[in-house]
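Colleague: Residue numbers (the numbering used here): 1122 to 1813. Here it is: the structure, laid out below.
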Amino acid sequence: MNLKQLSTLLLTLWISSSFAQTKAPSAFGPVPTENQMVWQNMESYAFVHFSLNTYTDQSWGFGNEDVKLFNPQQADCRQWARICKEAGLKGIIITAKHHCGFCLWPSKYTEYSVKNAPWKEGKGDMVREMADACKEYGLKLGIYLSPWDRNSADYGKPEYITYFRNQLTELLTNYGPVFEVWFDGANGGNGYYGGANETRTIDRTTYYDWENTYELIRKLQPNCLIWNDGGDRGDLRWVGTEAGYVGETNWSLLNATGDVEWGMLHFGLENGNAWVPAEVNTSIRPEWFYHPSEDTKVKTVPQLMDLYYNSIGRNGTMLLNFPIMPNGLIHPNDEKAAQEFGKAVKETFSVNLAAKKRAKASNVRGNAKAFGADKAIDKSQDTYWATDDAVSNASLTIDLGKPTLFNRFLAQEYIRLGQRVKAFTVEAFVAGKWQEVAKGTTIGYKRILRFPSVRATQLRLTITDSKSCPLLSNVGIYNAPSFLNAPLIIRNQSGEVSIATDDIGPLFYYTLDGSEPTPQSTKYDGPVQTEGKVTVKAIAYDPGTRKSSLARTEEFDICRKEWKIVGINDEKSQAILDGNTATTWHQSRDKKMPVDLIIDLGKEQNLCGFRYFPDQGMWGPGIITHYQLSVSADNTAWTLVSEGEFSNIKNNPLWQIKKFAPVKARYIKFTALKNTEGNDTTGYAEVDVLTN
Ligand code: FUL
């Protein structure tokens, strides 16, 4: 080969190799179906939980609850739809049938439905009203149909499967398009079962014959997604918790079916062989159904924003539940929280600081325009920045033009060709130097990272590890307003005051003299030793946005340094005095433990009252409703100084403050006479005294 031939060959090889690299990359591993793509783009949608449980204050009905209870006089699915719309949600999944078996639509196959309820004289159909309201508000309709049915006489027998499919057929043929069906995994166990009142167990991997049920769904609603944690893998997966978060590392892949282990649900499986993305389900209140006692426990905007970042921001979708009240409406507290949340999301993501800026990449596939860095900021989900095949480490730099304040970074992979990125870092160019502000593992459909506000001229994303060449369809830089929680103020037993919050990045300022704190007050740099009575007021402050939270005030009485719990040989009982309302101690008469709580105050004090903070937990909290308080100089002769009830403590378990005529004493004895559950358990988060 002469020189000319050689150079022609080299030129041809170069042209063809760069031509090859200008071709779109091939898919890597499993990819989403079109239905999964449409669903993932919805990002967030709602649940509404409404059934006979709503009228019995239960979480799960037994199946024998009277249909006559169902009479939501003001039922208005349009209110539910409006609120969901205002919250920015894109669809609503209604509990057409929960575990108790009661049907919100007039099913032909059972008498246990709205057709026998007083509501609209048996002519009502809540699923119809929900479908109509969704249509009016441009929302999609989803159906929750519990496979477990504690009312049906046939549950556990083969006949039940026909019944279940008949009901599914009604729901999937009469109410227009359904975007998702939800089959909860709870099943088997005791129930009414047509009057049998017995326990029935089933094998959830075989009993429901999911294969044929799925075939029916695909036939009736070809665009519907199947969610199932009841023994077979559907199109989506549960994330292993109802607390509202998925793993920071979250692969939309899985390969197991049936009873998938927790870790796989929570993190997905890096090398899974099927595309099974994560759906994060949680309720706007602690429980799924409406319980009046939870009216004050509705999630706040900062909590809902956490949910957003921990679901959508971690490559999942967000399924947010609204319990419906007995009157058929969403409670005003939930409505307000939902509306404020919708506004907060809009405000946070309305301006992408990366848009229309200059972007450059360390590598562009075949140097082709079609895969250039600008494709990650062009607002189109269909174009993407891509690197050459062999590259798994590459960076993308956005020049912001001028010093710009930001605290959020968002990235999206072009998942139609598979989920690839395994690790990445985010750096900001500040005062002539790159500094790392955040790092992450997986990206997937969407990943959002939060970090303290930084003012920088450039941002650099570096993919440090990827299964195959990275493909980024979108990158966003945001300056999120702070929705700061007022900080928590705790004084421990030795008198040290700590100030803390779950928010990332704020500073705290405080006062000890009752004056209002401002960013000019004392800056909190760690626990502050206090003695005696003190009023602590504190704010959280974001130096980037220069916004403060509302102030929190805590008034502490005498220091508890010398206090001792008498006669209880359990170190955990220190939780009662540790100043932390989140830690609790329980005692039970059943376990032959004393029910009186005696505290030695170390020396004589001028007492004029006491206060009690109950366990805030949902299960077996041992909340005391009736009490006695006695005092003593020597732990032998006792004088009763206060006795009575903690009114409304069940519905509103806040600090209970009781004052009594001033008395000098060294010991106090707190006697629990009764609790909310009528058993002998007593739970204490904190006990304190008031002195004059
Ligand atoms: C759970 C059910 O048992 C709850 O009652 C609720 O419906 C929730 C969404 O799923 O596992």
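Here a beta-carbon is modelled for each residue, glycine too, at the ideal position from N, C-alpha and C.
1. With hydrogens ignored, establish whether the beta-carbon of Lys1178 is closer than 6 Å to any heavy atom of the ligand FUL.
2. Since I believe Val1596 is in contact with Ala1497 (beta carbons under 8 Å), could you give me their beta-carbon distance rounded to a whole number of angstroms?
3. Which residues in the same chain have their Cβ closer than 7 Å to the Cβ of Glu1652, if we skip the five residues on either side of it in sequence?
4. Under a three-way DSSP split, which group does Leu1425 fall into?
5. Output the residue ranges of the beta strand (DSSP E) runs that lie fully inside the segment 1274-1310 and measure 3 residues or longer, sorted by chain position.
6. Look up Asn1442 in the DSSP assignment and give the residues it is bridged to.
7. If you follow the beta strand (DSSP E) that Thr1815 is in, where does it begin and where does it stop?
8. In its own chain, which residues sit with a C-beta less than 7 Å from the C-beta of Asp1197, not counting the 5 before and 5 after it?
9. Does any heavy atom of the ligand FUL sit closer than 6 Å to the C-beta of Trp1372?
10. Please classify Leu1761 as buried or exposed, where buried requires at least 16 other C-beta atoms within 10 Å of its C-beta.
11. Could you tell me whether the Cβ atoms of Val1169 and Phe1443 are closer together than 7 Å?
12. How about Asp1305: is its Cβ closer than 6 Å to a heavy atom in the ligand FUL?
13. Report all residues from its chain with a CB closer than 6 Å to the CB of Tyr1733; omit the five preceding and five following residues, and keep chain order.
14. Return the chain-ordered ranges of every alpha helix (DSSP H) run that is complete within the segment 1172-1200 and spans a minimum of 4 residues.
15. Hey, Ile1213 and Tyr1265: beta-carbon distance below 7 Å or not?
16. On the DSSP letters alone, give me the boundaries of the beta strand (DSSP E) that Ile1215 sits inside.
17. When the Cα of Asp1113 is compared with those of Ala1476, Asp1721, Ile1745, Tyr1662, which residue comes out closest?
18. By how many angstroms is the C-alpha of Ala1489 removed from the C-alpha of Ser1137?
19. Here's the rule I'm using: 16 or more other beta-carbon atoms within 10 Å means buried, otherwise exposed. How should Pro1383 be labelled?
20. Just confirm the distance between the C-beta atoms of Asn1473 and Ile1598, as a whole number of angstroms; I'd bet it's less than 8 Å.
21. Relative to the C-alpha of Ala1782, which candidate in Ser1751, Ala1480, Gly1799 has its C-alpha closest?
22. Should Trp1383 be listed as close to the ligand FUL, given that the test is whether its C-beta is under 6 Å from any heavy atom?
23. Helix, strand or coil for Thr1546? Go by DSSP, reduced to three states.
24. Can you round the beta-carbon distance between Thr1656 and Ile1745 to whole angstroms, since I take them to be within the 8 Å contact cut?
25. Which one of Thr1143, Pro1146, Val1152, Lys1144 has the shortest CA to CA distance from Gly1539?
26. For the candidate residues Arg1435, Val1422, Thr1504, whose alpha-carbon lies nearest to that of Lys1464?
27. Between the C-alpha atoms of Phe1629 and Ser1619, what's the straight-line distance to the nearest angstrom?
28. Which of the three DSSP states is assigned to Gln1540 in this structure?
29. Exposed or buried, Glu1400, counting other C-beta atoms within 10 Å across all chains shown (16 or more means buried)?
30. Decide if Gly1259 is buried, meaning its Cβ has at least 16 other Cβ atoms within 10 Å, or exposed.
31. So does the segment 1630-1638 actually touch the segment 1501-1520, counting three or more Cβ pairs closer than 8 Å?
32. Going by DSSP, what residue range makes up the beta strand (DSSP E) through Phe1629?
33. Can you give the Cα-Cα distance for Leu1341 and Trp1331, rounded to whole angstroms?
34. Does the Cβ of Leu1440 have 16 or more other Cβ atoms within 10 Å, making it buried, or fewer, making it exposed?
35. Go to Gly1463, then tell me how far its alpha helix (DSSP H) extends in each direction, as first and last residue.
36. Apply the 10 Å Cβ neighbour rule to Thr1294 and answer buried if 16 or more other Cβ atoms are within range, or exposed otherwise.
Modeller: Checking against the coordinates, here is how it stands:
1. The sequence position of residue 1178 within the sequence shown is 57, counting from 1. Lys is not the amino acid found at residue 1178; the sequence shown has Asp there. Because no heavy atom of the ligand FUL lies under 6 Å away, the Cβ of Asp1178 does not count as near it: no.
2. Reading the sequence shown from its first residue, position 376 is the one you call residue 1497. Reading the sequence shown from its first residue, position 475 is the one you call residue 1596. Their Cβ separation, rounded to whole angstroms, is 4 Å, which keeps Ala1497 and Val1596 in contact under 8 Å.
3. Working through the sequence shown from its first residue, we reach residue 1652 at position 531. These residues qualify, in order along the chain: Gly1616, Cys1680.
4. Here residue 1425 corresponds to residue number 304 of the sequence shown, with the count starting at 1. Reduced to three states, the DSSP call for Leu1425 is helix.
5. The qualifying runs are 1299-1304.
6. Residue 1442 sits at position 321 when you count from the first residue of the sequence shown. In DSSP, Asn1442 forms a bridge with Phe1168, Ser1404.
7. This structure gives no information on residue 1815, because the portion of the chain shown stretches from 1122 to 1813.
8. By 1-based counting over the sequence shown, the position of residue 1197 is 76. So the qualifying residues of the chain are Gly1449, Leu1450.
9. For the purposes of this step, residue 1372 is taken as the residue at position 251 of the sequence shown. It does not: the Cβ of Trp1372 is nowhere closer than 6 Å to a heavy atom of the ligand FUL.
10. Walking along the sequence shown from the start, residue 1761 turns up at place 640. Leu1761 comes out exposed.
11. Against the sequence shown, residue 1169 aligns to sequence position 48. Against the sequence shown, residue 1443 aligns to sequence position 322. Cβ distance < 7 Å, so Val1169 and Phe1443 count as in contact.
12. Position 184 of the sequence shown, counted from the first residue, corresponds to residue 1305. Yes, since a heavy atom of the ligand FUL falls inside the 6 Å radius drawn around the Cβ of Asp1305.
13. To locate residue 1733, count along the sequence shown from 1; it is residue 612. In its chain, beyond the 5 residues on either side, Gln1777, Val1808 have a beta carbon closer than 6 Å to the beta carbon of Tyr1733.
14. Within the segment 1172-1200, the complete alpha helix (DSSP H) runs of at least 4 residues are 1174-1177.
15. On the sequence shown, residue 1213 is found 92 positions in, with the first residue counted as 1. On the sequence shown, residue 1265 is found 144 positions in, with the first residue counted as 1. Not a contact, by the Cβ cut-off of 7 Å.
16. Taking the sequence shown and counting its residues from 1, the one referred to as residue 1215 is at position 94. First-last of the beta strand (DSSP E) with Ile1215: 1212-1218.
17. Look at the range of the chain in this structure, 1122 to 1813, and you will see that residue 1113 is not part of it.
18. Reading the sequence shown from its first residue, position 16 is the one you call residue 1137. Reading the sequence shown from its first residue, position 368 is the one you call residue 1489. The predicted position of Ser1137 is uncertain, since its pLDDT is 47 and thus under 50; no value can be drawn from it.
19. Counting from one through the sequence shown, the residue named residue 1383 turns up at place 262. Contrary to the premise, residue 1383 reads as Trp rather than Pro in this sequence. Trp1383 comes out exposed.
20. In the sequence shown, the residue the question calls residue 1473 occupies position 352. In the sequence shown, the residue the question calls residue 1598 occupies position 477. Asn1473 to Ile1598, Cβ: 7 Å. Contact.
21. Counting from 1 along the sequence shown, the entry for residue 1782 is found at position 661. Ala1782 has its Cα closest to that of Ser1751, out of Ser1751, Ala1480, Gly1799.
22. Your numbering for residue 1383 matches position 262 in the sequence shown. No.
23. As a working mapping, residue 1546 is identified with position 425 in the sequence shown. DSSP places Thr1546 in the strand class (E or B) of the three-state scheme.
24. Indexing the sequence shown from 1 puts residue 1656 at position 535. Indexing the sequence shown from 1 puts residue 1745 at position 624. Between Ile1745 and Thr1656 the Cβ distance is about 27 Å, and since that is not below 8 Å, they are no contact.
25. For this step, residue 1539 is matched to residue 418 along the sequence shown. Among Thr1143, Pro1146, Val1152, Lys1144, the Cα nearest to that of Gly1539 belongs to Val1152.
26. Numbered from its first residue, the sequence shown carries residue 1464 at position 343. Ranking the options by Cα distance to Lys1464, first place goes to Val1422.
27. Numbered from its first residue, the sequence shown carries residue 1629 at position 508. Numbered from its first residue, the sequence shown carries residue 1619 at position 498. Approximately 10 Å between the Cα atoms of the pair.
28. What you label residue 1540 is simply residue 419 of the sequence shown in a count that begins at 1. In the structure shown, Gln1540 sits in coil (DSSP, three-state: anything other than H, G, I, E or B).
29. Walking along the sequence shown from the start, residue 1400 turns up at place 279. Buried, since its Cβ has 16 or more Cβ neighbours within 10 Å.
30. Position 138 of the sequence shown, counted from the first residue, corresponds to residue 1259. By the neighbour-count criterion, in which 16 or more other beta carbons inside 10 Å mark a residue as buried, Gly1259 falls on the exposed side.
31. No contact exists between the segment 1630-1638 and the segment 1501-1520.
32. Taking the first residue of the sequence shown as 1, we reach residue 1629 at position 508. First-last of the beta strand (DSSP E) with Phe1629: 1628-1632.
33. Numbered from its first residue, the sequence shown carries residue 1341 at position 220. Numbered from its first residue, the sequence shown carries residue 1331 at position 210. Approximately 15 Å between the Cα atoms of the pair.
34. Residue 1440 sits at position 319 when you count from the first residue of the sequence shown. Here Leu1440 is buried: its Cβ has 16 or more other Cβ atoms, across all protein chains shown, within 10 Å.
35. Taking the sequence shown and counting its residues from 1, the one referred to as residue 1463 is at position 342. From DSSP, the alpha helix (DSSP H) with Gly1463 extends over 1453-1470.
36. Translated into positions along the sequence shown, residue 1294 becomes position 173. Its Cβ having fewer than 16 others within 10 Å, Thr1294 is exposed.
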